[in-house]
Amino acid sequence: MGDVFIQPVSSLSGKHAGGHLSAINMALSAVNLADCAGNTLSVATLAEIYVGAALRVKASLHRRFHFLARFFLCSARQVCLAQSVSIPPAMQWLCHPLGHRFFVDGDWSVRSSPRDTIYSTAGSEGAVDPLAQVTQAFREHLLEKALYCVAQPEQSKPLTEGEGEFSDALEYLQLLNGCSDAAAVTNHTFSISSSMAAVTGTDPVAKWWASIIIVAINWLQGDDEAAQRLYPVVEYMPKSLHDYENMLPKAALYTFKAVRTLFGKQDSTQVSLGQCEKASGYLRDSLSSSPSSNGNVDK
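Quick note: the sequence shown uses UniProt numbering, first residue 1, plus one each step.
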């Protein structure tokens, strides 16, 4: 029975040779067998099977049938809540309204070979765990939403008490950090050897971008103390970004350094201008490089 449970998940990474209909049949069979197994399966494993079925629905069926993915996601959440079991870290974002909507309605795909970008890392588990790839796409989606809020902070609704001008952006970034930090191994022992419910892997690249955006928001809000708490995180740009051909991360880093220098000391104008020149040079190099495939985040 364990092999049957594994198939709906592993087939998403291009390892299923029977085609989409065969894969859908395997996924639904696994759900049926899991339901019949009752208490012999752990709650976390049952939730994993439901999520695997939702992934297969999105990968194999026409858009008009994607409502079934919503059903399986809700089933995964309900089975955890019914038994008062903590939702596995890798699946927690699926229970957030933004994550749920992105999974069901978002335009994402699972690749046979996951890839890192300048905005996020796929992690070592991406090649064997299709959910890790979707989670990576969701992190980049949150970055895009947050950047849009900062670039165009017009308020479409009146602020309620306790809300700030960039409250939506900060909500997106808080959720992004939660997705990037969900690397803690759960206390469950899984009966199927899948990484989906156990570890998602940290994403230092996405966390770095989130931190630099939060610092910019803090500056715009005049909260220098909050910004200073994140200075060490922003100063330590991940090594993978230093080695990246696209110079955009270095442009962002030197822009941060220029503003920090200007705020930090008197008579620092010349130093700040020098850092602005470096940032401008890196930005020109980034714009003149080959077109990026990172989609809307670049825009």
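Glycine included, every Cβ here is placed at the ideal spot set by N, Cα and C.
Rounded straight-line distance, which links the Cα of residue j to that of residue i
{"i": "residue 314", "j": "Arg-56", "result": "Since the first residue of the chain shown is 1 and the last is 299, residue 314 is not available in this structure."}
{"i": "Val-259", "j": "Cys-80", "result": "47 Å"}
{"i": "Ala-54", "j": "Tyr-254", "result": "42 Å"}
{"i": "Gly-264", "j": "Ala-151", "result": "24 Å"}
{"i": "Phe-138", "j": "Trp-208", "result": "16 Å"}
{"i": "Leu-21", "j": "Val-43", "result": "27 Å"}
{"i": "Asp-236", "j": "His-141", "result": "The question names Asp, yet the displayed sequence has Tyr at residue 236. Rounded to the nearest angstrom, the two C-alpha atoms are 23 Å apart."}
{"i": "Val-31", "j": "Cys-74", "result": "14 Å"}
{"i": "Ala-47", "j": "Ser-120", "result": "26 Å"}
{"i": "Tyr-50", "j": "Tyr-282", "result": "46 Å"}
{"i": "Val-233", "j": "Cys-276", "result": "20 Å"}
{"i": "Ser-29", "j": "Asn-39", "result": "18 Å"}
{"i": "Val-9", "j": "Asn-177", "result": "Summary for Val-9: the model assigns pLDDT 49, below 50, so the residue's position carries little reliability, and this model does not support an answer."}
{"i": "Ser-194", "j": "Val-110", "result": "Caution is warranted here: a pLDDT of 46 is assigned to Ser-194, below 50, making its placement in the model unreliable, and the coordinate value is therefore given only provisionally. Going from the Cα of Ser-194 to the Cα of Val-110 covers about 16 Å."}
{"i": "Ala-82", "j": "Ile-217", "result": "40 Å"}
{"i": "Asn-25", "j": "Gly-19", "result": "10 Å"}
{"i": "Ser-60", "j": "Asp-116", "result": "24 Å"}
{"i": "Arg-284", "j": "Met-247", "result": "8 Å"}
{"i": "Leu-147", "j": "Val-85", "result": "35 Å"}
{"i": "Trp-93", "j": "Gln-221", "result": "28 Å"}
{"i": "Ser-289", "j": "Lys-145", "result": "25 Å"}
{"i": "Ala-27", "j": "Leu-131", "result": "15 Å"}
{"i": "Ile-6", "j": "Cys-149", "result": "Caution applies to Ile-6, whose pLDDT of 48 falls short of 50 and renders its modelled position unreliable; the value that the coordinates give is listed next. Distance between the alpha carbons of Ile-6 and Cys-149 is about 40 Å."}
{"i": "Leu-33", "j": "Arg-101", "result": "28 Å"}
{"i": "residue 312", "j": "Glu-171", "result": "Residue 312 cannot be examined here, being either before or after the span of the chain that is shown, 1 to 299."}
Buried/exposed call for residue i, threshold 16 Cβ in 10 Å
{"i": "Cys-36", "result": "exposed"}
{"i": "Met-196", "result": "Here the model assigns Met-196 a pLDDT of 46, short of 50, so the residue's position is not dependable and the matter cannot be decided."}
{"i": "Ala-279", "result": "buried"}
{"i": "Gly-123", "result": "buried"}
{"i": "Leu-41", "result": "buried"}
{"i": "Thr-269", "result": "exposed"}
{"i": "Asp-224", "result": "exposed"}
{"i": "Asp-243", "result": "exposed"}
{"i": "Lys-239", "result": "exposed"}
{"i": "Asp-129", "result": "buried"}
{"i": "Leu-273", "result": "exposed"}
Best match in the options for proximity to residue i [C-alpha to C-alpha]
{"i": "Val-205", "options": "Lys-250, His-100 and Leu-283", "result": "Lys-250"}
{"i": "Leu-287", "options": "Glu-245, Cys-276, Thr-269 and Leu-273", "result": "Glu-245"}
{"i": "Ser-113", "options": "Asp-285, Gly-274 and Gln-133", "result": "Gln-133"}
{"i": "residue 310", "options": "Ile-214, Gln-228 and Thr-135", "result": "Only positions 1 to 299 of the chain appear in this structure, which leaves residue 310 out of reach."}
{"i": "Trp-108", "options": "Leu-147, Phe-71 and Arg-63", "result": "Arg-63"}
{"i": "Gly-52", "options": "Leu-143, Glu-171, Gln-78 and Ala-23", "result": "Ala-23"}
{"i": "Asp-203", "options": "Tyr-231, His-100 and Leu-241", "result": "Leu-241"}
{"i": "Thr-261", "options": "Tyr-231, Arg-284 and Asp-243", "result": "Tyr-231"}
{"i": "Phe-72", "options": "Leu-273, Pro-88, Phe-103 and Asp-129", "result": "Phe-103"}
{"i": "Leu-143", "options": "Ala-210, Arg-101 and Ala-27", "result": "Ala-210"}
{"i": "Pro-88", "options": "Arg-101, Val-271 and Thr-45", "result": "Thr-45"}
{"i": "Ala-90", "options": "Asp-267, Gln-228 and Cys-179", "result": "Cys-179"}
Cβ-Cβ separation, residue j to residue i (assumed contact under 8 Å), whole Å
{"i": "Met-173", "j": "Leu-98", "result": "It is worth fixing the name first, because residue 173 is Leu in this sequence and not Met. Going by Cβ atoms, the distance from Leu-173 to Leu-98 rounds to 12 Å, so no, they are not a contact pair."}
{"i": "Ala-252", "j": "Ile-212", "result": "6 Å"}
{"i": "Lys-58", "j": "Ala-76", "result": "Wrong, their Cβ atoms sit about 14 Å apart, outside the cutoff."}
{"i": "Val-215", "j": "Phe-256", "result": "7 Å"}
Residue i: CB within 7 Å of a non-hydrogen atom of the ligand ZN
{"i": "Ala-206", "result": "With respect to the ligand ZN, the structure shown offers nothing to examine, as it has no ligands at all."}
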